[in-house]
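Q: If you read the sequence shown in the working numbering, its first letter stands for residue 0, the second for the next number, and so on.
Beta carbons: idealized from backbone N, C-alpha and C, even for Gly.
Have a look at the structure that comes next, please.
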Amino acid sequence: MWSVSQENGELLLETIILYIQSIIVQRKWLEQDIKFPTELSHSGGIYVSMNKGDITISSGYPFSDKPLIESAFEAACNVAIRTLSNSGLEFSGANKYTIFVDILSPLYSVKVERKLDYLKIVDVHKGLFIERGFYKGLVLPRFALEKRWNVDDYLSECCLRAGLAADSWLNYDINVYQFNTQELSSTLSF
């Protein structure tokens, strides 16, 4: 199971926001002794992002054997720490930030006979994961849609994030995967 109910999604989002605020504002860790619903104890992929203007800081796990809530806490901690070290962000109380939580479905392989067939099969409304050996890159669909990428742009950006040349999807044997996301978001002020 990769999606969560609306009620548990709201609980997950609220908890992540509290966790991020505790680290950024109070400079302390929240205790994780909260009892969470069983639905949040299943393993699964998750990404947490914090956005203000052109700056987006994200962290996550495309696949994890840990419970979803544990992976969410780790991703939120990474985002909070990276946010504190980013000199372009200010915390004066008047600044609004958007927190995104993306719960990922299991990845499924996109198989093609010819490389150009990716242009017909890959869907920019779904997440994209590319790997070639130890090179791996992931792009959430939100970014492709915000930037109005076509499929060529989407594949190229994912290759770049994997540390490959942008046209690697055309020139090399790579593995292409897609996944669905359940996106949760909220605005907060510091």
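In three-state terms, what does DSSP make of G126?
A: Note: G126 maps to strand in three-state DSSP.
Q: Between the Cα of F35 and those of P66, Y60, L163 and I23, spot the shortest distance and give me the residue it belongs to.
A: Closest option to F35, Cα to Cα, is P66.
Q: So if DSSP puts N50 in a beta bridge, which residue, or which two residues, is it bridged to?
A: N50 is bridged to T55 and T97.
Q: Does the Cβ-Cβ distance between I56 and R81 come in under 7 Å?
A: It is a contact, given that the beta carbons lie within the stated cut-off.
Q: Identify every residue that forms a DSSP beta bridge with P66.
A: Paired residue(s): S42.
Q: Looking at C-alpha atoms only, which residue of T37, N149 and A75 is the closest neighbour of I19?
A: Nearest C-alpha to I19: A75.
Q: Hey, how far is the Cα of L115 from the Cα of Y176?
A: One C-alpha to the other measures close to 15 Å.
Q: Extract the residue ranges of the alpha helix (DSSP H) inside the region 139 to 173, only unbroken runs of 4 or more that lie entirely within it.
A: Here the runs fully enclosed are 140 to 145, 150 to 160 and 167 to 170.
Q: Starting from S21, trace the alpha helix (DSSP H) in both directions and tell me its first and last residue.
A: Q5 to V24 is the extent of the alpha helix (DSSP H) around S21.
Q: Excluding the 5 residues preceding and the 5 following L10 in the sequence, name in chain order all residues of the same chain whose CB lies nearer than 8 Å to its CB.
A: Excluding positions up to five away in sequence, the list reads F35, P36 and L39.
Q: What would DSSP say about V109, mapped onto helix, strand or coil?
A: Coil, per DSSP.
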